[in-house]
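Have a look at the structure below before the remarks.
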Amino acid sequence: MSVAVIIVAAGRGTRAGGDEPKQWRDLLGRPVLAHTVAAFAGVGRIVVVLHPDDMARGLALLGGGVTLVAGGASRAESVRNALEALDGGGIGKVLIHDGARPLISAEVVDRVLAALDAAPAAAPALPVSDALWRGADGEVAGTQSREGLWRAQTPQGFRFDDILAAHRAHGGDAADDVEVARAAGLPVRIVAGSEDNLKITYPEDFTRAAAVLRSRKERAMDVRLGNGYDVHAFCDGDHVILCGVKVPHSKGLLGHSDADVGMHALTDAIYGALAEGDIGRHFPPSDPQWKGAASWIFLDHAVKLAASKGYRISNADVTLICERPKIGPHALAMAAELARIMGLPPERISVKATTSERLGFTGREEGIAAIATATLIGD
């Protein structure tokens, strides 16, 4: 389904202070609205709803990369104007987002869009964790159970035809588009939101938003490379395990675990990028529990360790060095198996082979060597 994004930015935002609406105030050198629009680049067609007085300003800021629509007297009317502008354009899914939420992440957007494959509406939210009070005259007047309560966020996603019909049938304003959808009888699926996805409402929110953006920029620049090298000698056997694939051969490979030389090199490359030593540090060969262990256990640990430290694996390259067995017929299967274990698309994994031109221990067919490189990017 084709996707459209409606960014609602027609309000005046007086609680945020300042001399102009919050969506136009500076956040690290750019208006808040510019950050919000940029966060949806590549998602789909973008429609920005502005106050009629801000249309020229919006054109100057956003140019022709988005569609500008004049807002109405209420939020619901503003959204309806945008939906009507999209009607007949072949849109299957639509995301409706607050212009004052500049910190939306691709992960949250992906979760909402994925949920729309099985539901007519979906929205991100966070469970309420704080105790809740009811107040009167500046004093606590009672408590309120937080059971089943959620903090709503945007973007709220919908099947386009469903939400357009719901808005056309809705009378008056609404707190958000989930309220409009539910009034029309549409079930709304909850997906996980993000603490960073704050809505700028008060003056202090600008400070917090700036801190999050600075942190993201620092992490985005954190690219790490790691190299791994491993060797295993041949022994008696009828197959070898290379990059998780069983390859028939006249010999086996000698090792404390299953002697998967390719997977060992790749695992060490990831540990190296993290400055976490090698396999031996995490899985000592002196420990009998790892005797004969499947090497995917080591690789899985390295991948999860990277994630726990805030890194994702961008790509990996493994080179197997041997005269025999022939690697070419199995290389794609090896790359696919590594990708499965690492949770990556196969096109981000390379497995290839070379010989040592009959030189050295690999040339004499005494064993197999492997070299691997992994790229990690801070999320």
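Each position in the sequence shown, counted from 1, maps to that position plus 416 in our numbering.
Glycine residues also receive a C-beta, built at the ideal position from the N, C-alpha and C atoms.
Is the region 623–630 in contact with the region 661–680, if contact means three or more CB pairs nearer than 8 Å?
-> no
Roughly how many whole angstroms lie between the Cα atoms of valine 556 and tyrosine 618?
-> 23 Å
Phenylalanine 576 lies in the alpha helix (DSSP H); which residues open and close that run?
-> 576–585
Going by beta carbon distance, what residues of the same chain come within less than 7 Å of alanine 752, once the five residues before and after it are set aside?
-> Pro762
On the three-state DSSP scale, how would you describe tyrosine 727?
-> strand
Would you be able to state if there are at least three C-beta pairs under 8 Å between the region 678–692 and the region 783–791?
-> In this structure the region 783–791 touches the region 678–692; the number of beta carbon pairs closer than 8 Å is three or more.
Where does glutamine 560 fall in DSSP's three states?
-> strand
Does DSSP put arginine 567 in a helix, in a strand, or in coil?
-> strand
Report yes if the C-beta distance between valine 663 and alanine 785 is below 8 Å; otherwise report no.
-> For valine 663 and alanine 785, no; Cβs fall outside 8 Å.
Segment limits, alpha helix (DSSP H) that includes isoleucine 757 | 747–758
Answer with buried or exposed for threonine 452, where buried requires no fewer than 16 other C-beta atoms within 10 angstroms of its C-beta.
-> buried
Inter-stretch contact (C-beta, 8 Å, three-pair minimum) for the region 577–593 and the region 491–509 = yes
Member of His665, Pro701, Ala522 whose CA lies at the smallest distance from the CA of glycine 458 | Ala522
Which value, in whole angstroms, describes the spacing of the CA atoms of aspartate 533 and arginine 517?
-> Rounded to whole angstroms, aspartate 533 and arginine 517 show a C-alpha spacing of 25 Å.
Every unbroken alpha helix (DSSP H) inside the region 606–639 [4 residues or more] = Runs of the alpha helix (DSSP H) inside the region 606–639: 619–636.
Pick helix, strand or coil for lysine 438, following the three-state DSSP scheme.
-> helix
Take valine 463 as the anchor and find which of Glu500, Gly429, Glu595, Arg441 has the nearest alpha-carbon.
-> Cα-wise, what sits closest to valine 463 is Glu500.
Where are the alpha helix (DSSP H) runs, 4 residues long or more, that stay fully inside the region 444–522, in chain order?
-> 448–454, 471–478, 491–502
Valine 419 to valine 510, Cα distance in whole Å?
-> 6 Å
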